[in-house]
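First residue of the sequence shown: 1, per full-length UniProt numbering; consecutive thereafter.
Ideal placement from N, C-alpha and C gives every residue a C-beta, glycine not left out.
Below: one structure, written as C-alpha cells.
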Amino acid sequence: MMETVVGVSKQQPYSPHLKKVLKTYQLTAVKSLQGPSTLLGTPAVLGVDKGHSAPSTMTTITVASKKEPVPAQPAAPECGDVFMTPPPFPIQQLPILTTPDQSRSELSETVLEGETISCFVVGGEKRLCLPQVLNSVLREFSLYQINQVCEELQIFCSRCNPEQLEVLKVTGILPMNAPSCGLITKTDAERLSSALLHRSGGLVIKATGCHEGAFSFKVYHECFGKCKGICTPELYTDSNAHCIECVECHGMFSPQKFVCHVHRFRENRTCHWGFDSSNWRSYLLIAKDQDEHEKLSKVLEKFKEQHDITGNTQHHKRKQ
C-alpha cells in the first residue's frame with residue numbers, strides 16, 4: 001500500500017509551534033551539537049499541514065509499503081530554505097601550545113651610553129634594570145626631570161616578576177630586602193637617555209670654519225621620527241667621533257648618537273620595539289635630494305665599514 005505525504009510551499013507562513021521549536025533550537029544549540037532532536041521529529045516541525053494544498057509548488061514523497069524493499073532515495077534538501085539559520089558560534093581563541101619563554105629569567109648584559117646594564121630578554125626585547133639606569137646613565141638628573149621626560153615621550157616601565165627579582169638579588173645587583181624592581185625596554189632607555197643627555201643644551205656645536213670645504217653629504221634617519229644631517233667622513237676618526245651635524249640645531253653627533261636625535265615628529269604614540277643604537281649602520285640613510293645619489297650611496301657604505309668591530313657591515317645594509 002502506498003501513502004503520499006504532501007510538502008509545504010516556501011510561501012506558507014510558519015506555524016506557531018515551528019517558531020517555538022526554532023527558538024528552542026537556537027537556545028539549545030549553544031550547549032549541544034545535536035539540538036533538540038526530540039522536538040524536530042514532530043509533524044509540525046516538518047511543516048506538514050493537512051488543511052492546505054498547493055497545486056504548483058508541492059513536493060510529493062512516495063513511501064513504499066512494508067512488503068517491498070525501500071529503494072535508495074537521494075538526500076533530502078537542506079532545511080535552510082525553510083528554517084531560519086541560527087547565528088554562528090563566536091570564534092573561540094585556541095590555546096597557545098608553544099613552550100613558555102624560559103629566557104625571561106636569564107640575566108644578561110647590554111651597554112647603554114657606555115655603561116654596562118643588567119637586563120632580561122623577554123619576547124626578543126631587552127628589558128633593562130631601571131635602578132641601574134637611574135644610578136649610572138642618568139645619575140645627573142633628578143627623578144622629577146626623568147618623570148617629566150617619560151611623560152612627554154609616553155614611556156612606561158614594567159615590574160619584574162618574582163623570579164627575575166630573585167635573580168637580581170642573588171647576583172648582588174639589588175639588595176636582598178628590595179621589594180620590587182622596575183624594568184625598561186632597551187628602546188625606551190635609548191629614547192630617554194637621548195632626550196636627557198643629547199638635547200641642544202649639551203650638544204657639541206660645530207665651530208665656525210671648522211673643516212670648511214671638506215667633503216660632506218646629506219644623510220637622515222627615521223628612528224623615533226626623522227632627522228636630517230650633514231656627514232663629514234673626514235671627521236670620523238673613531239667610533240665616537242662627532243662627524244654628523246644636525247641641520248636644525250647644528251649640533252655635532254657621532255653616528256650612534258645621531259640616529260637617536262630628533263626634534264619633531266617624535267612618534268610618542270607609536271609602540272617602538274627592537275631598537276639598538278649600536279645598529280646605527282642600518283638606520284643611517286643617504287638623502288635623495290642631492291646629485292650623484294648612487295655615487296654617494298657607495299661613499300656612505302664605505303663610511304659605515306670604518307671602525308666596525310663586528311665586521312658585519314654587509315648585514316646592516318637597508319633598502320632605501
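Going by DSSP, what residue range makes up the alpha helix (DSSP H) through Lys-257?
Position 257 of the sequence shown, counted from the first residue, corresponds to residue 257. First-last of the alpha helix (DSSP H) with Lys-257: 255-258.
Kindly give me the distance between the Cβ atoms of Val-133 and Ala-178, rounded to whole angstroms, as I take these residues to be in contact under 8 Å.
Here residue 133 corresponds to residue number 133 of the sequence shown, with the count starting at 1. Here residue 178 corresponds to residue number 178 of the sequence shown, with the count starting at 1. Not a contact, Cβ separation roughly 15 Å.
For Cys-243, count neighbouring C-beta atoms within 10 Å of its own C-beta (all shown protein chains included) and say buried if the count is 16 or more, exposed if not.
Position 243 of the sequence shown holds residue 243. When all chains shown are included, Cys-243 counts as buried.
From this set, Lys-298, Glu-234, Phe-156 and Leu-196, which residue's C-alpha is nearest Glu-140's C-alpha?
Within the sequence shown, numbered from 1, the residue matching residue 140 stands at position 140. Minimum Cα distance to Glu-140 is reached at Leu-196.
Nearest to Lys-228 (by Cα), restricted to the options Trp-273, Leu-143, Leu-285 and Gln-26:
The sequence position of residue 228 within the sequence shown is 228, counting from 1. Of the candidates Trp-273, Leu-143, Leu-285 and Gln-26, the one whose C-alpha sits nearest the C-alpha of Lys-228 is Leu-285.
Can you find a C-beta in chain C that's less than 8 Å from the C-beta of Phe-215?
Given the protein chain composition of this structure (a single chain), no chain C is represented.
Near Asp-276, what residues of its chain come up, given a Cβ to Cβ distance below 7 Å and the 5 sequence neighbours on each side ignored?
Translated into the one-based positions of the sequence shown, residue 276 becomes position 276. Here the set comprises Lys-186.
On the DSSP letters alone, give me the boundaries of the alpha helix (DSSP H) that Cys-223 sits inside.
One-based indexing of the sequence shown puts residue 223 at position 223. Segment: none, Cys-223 is in no alpha helix (DSSP H) and carries neither H nor E.
Go ahead and label Thr-116 buried or exposed: buried means 16 or more other beta carbons lie within 10 angstroms of its beta carbon, across all protein chains shown.
Taking the first residue of the sequence shown as 1, we reach residue 116 at position 116. The residue is exposed, with fewer than 16 neighbouring Cβ atoms inside 10 Å.
Expressed to the nearest angstrom, what Euclidean distance is found between the alpha-carbon atoms of Glu-301 and Pro-233?
Translated into positions along the sequence shown, residue 301 becomes position 301. Translated into positions along the sequence shown, residue 233 becomes position 233. For the pair Glu-301 and Pro-233, the Cα-to-Cα distance works out to about 11 Å.
Assign Ser-193 to one of two classes, buried (16 or more other C-beta atoms within 10 Å of its C-beta) or exposed (fewer than that).
For this step, residue 193 is matched to residue 193 along the sequence shown. Answer is buried; the Cβ neighbour count reaches 16.
Own chain residues within Cβ distance below 8 Å of Leu-130, not counting five before or after:
By 1-based counting over the sequence shown, the position of residue 130 is 130. The answer, listed in chain order, is Cys-157, Cys-181, Gly-182, Leu-183 and Ile-184.
Tell me whether Lys-257 is buried or exposed, calling it buried when 16 or more other Cβ atoms sit within 10 Å of its Cβ.
What you label residue 257 is simply residue 257 of the sequence shown in a count that begins at 1. With 16 or more other Cβ atoms within 10 Å, it is buried.
Return the CA-CA distance between Val-149 and Thr-24, expressed in angstroms with no decimal places.
Numbered from 1 along the sequence shown, position 149 holds the residue referred to as residue 149. Numbered from 1 along the sequence shown, position 24 holds the residue referred to as residue 24. Going from the Cα of Val-149 to the Cα of Thr-24 covers about 60 Å.
Three-state secondary structure (DSSP) at Ile-230?
As a first step, residue 230 is located in the sequence shown; it is residue number 230 there, counting from the start. Strand, per DSSP.
Coil, strand or helix - Ile-146 by DSSP:
Within the sequence shown, residue 146 is the residue found at index 146, counting from 1. In the three-state reduction of the DSSP assignment, Ile-146 falls in the helix class.
Reducing DSSP to helix, strand and coil, say where Ser-180 ends up.
By 1-based counting over the sequence shown, the position of residue 180 is 180. Ser-180: coil per DSSP, three-state reduction.
Determine which residues share a DSSP beta bridge with Arg-127 and list them.
Residue numbering aside, residue 127 sits at position 127 when the sequence shown is read from its first letter. Under DSSP, Arg-127 shares a beta bridge with Phe-120 and Thr-185.
With a Cβ-Cβ cutoff of 8 Å, do Thr-118 and Ile-173 count as a contact?
Numbered from its first residue, the sequence shown carries residue 118 at position 118. Numbered from its first residue, the sequence shown carries residue 173 at position 173. Sequence inspection shows Ser at residue 118; the Thr mentioned does not correspond to that position. Going by C-beta atoms, Ser-118 is nearer than 8 Å to Ile-173.
Give the range of the alpha helix (DSSP H) segment to which Glu-166 is assigned.
Counting from 1 along the sequence shown, the entry for residue 166 is found at position 166. Residues 162-170.
Give the DSSP-derived three-state secondary structure of Ser-297 in the structure shown.
Locating residue 297 in the sequence shown gives position 297, counting from the first residue. In this structure, Ser-297 counts as helix in the three-state DSSP scheme.
Exposed or buried, which one is Leu-168 when buried takes at least 16 other CB atoms within 10 Å?
Reading the sequence shown from its first residue, position 168 is the one you call residue 168. Counting C-beta atoms within 10 angstroms of its own C-beta, Leu-168 has 16 or more neighbours from the protein chains shown and is therefore classed as buried.
CA nearest to the CA of Ser-254, picked from Asp-289, Phe-303, Glu-294 and Ala-214
Translated into positions along the sequence shown, residue 254 becomes position 254. Residue Phe-303 is the option with its Cα nearest to Ser-254.
Determine the burial state of Gln-164: buried for a count of at least 16 other Cβ atoms within 10 Å of its Cβ, exposed for fewer.
Position 164 of the sequence shown, counted from the first residue, corresponds to residue 164. Gln-164 comes out buried.
Helix, strand or coil for Leu-285 per DSSP?
Counted from its first residue, the sequence shown places residue 285 at position 285. Look at Leu-285 here: in three-state DSSP terms it is strand.
Count the other C-beta atoms from every protein chain shown that fall within 10 angstroms of the C-beta of Gly-213, then say buried if there are 16 or more, exposed otherwise.
What you label residue 213 is simply residue 213 of the sequence shown in a count that begins at 1. Label assigned to Gly-213: exposed.
Where does Val-133 fall in DSSP's three states?
For this step, residue 133 is matched to residue 133 along the sequence shown. Here Val-133 carries a helix assignment [DSSP, helix/strand/coil].
Taking only the alpha-carbon atoms, compute the straight-line gap between Val-219 and Val-170 and give it to the nearest angstrom.
For the purposes of this step, residue 219 is taken as the residue at position 219 of the sequence shown. For the purposes of this step, residue 170 is taken as the residue at position 170 of the sequence shown. So the alpha carbons of these two residues sit roughly 46 Å apart.
Provide the residue span of the beta strand (DSSP E) that contains Ile-309, from first to last.
Residue mapping note: residue 309 aligns to position 309 of the sequence shown, counting from 1. Run containing Ile-309: none; DSSP gives neither H nor E here.
Delimiting residues of the beta strand (DSSP E) encompassing Leu-112:
Reading the sequence shown from its first residue, position 112 is the one you call residue 112. It spans 107-112 - the beta strand (DSSP E) in which Leu-112 sits, taken as one unbroken run.
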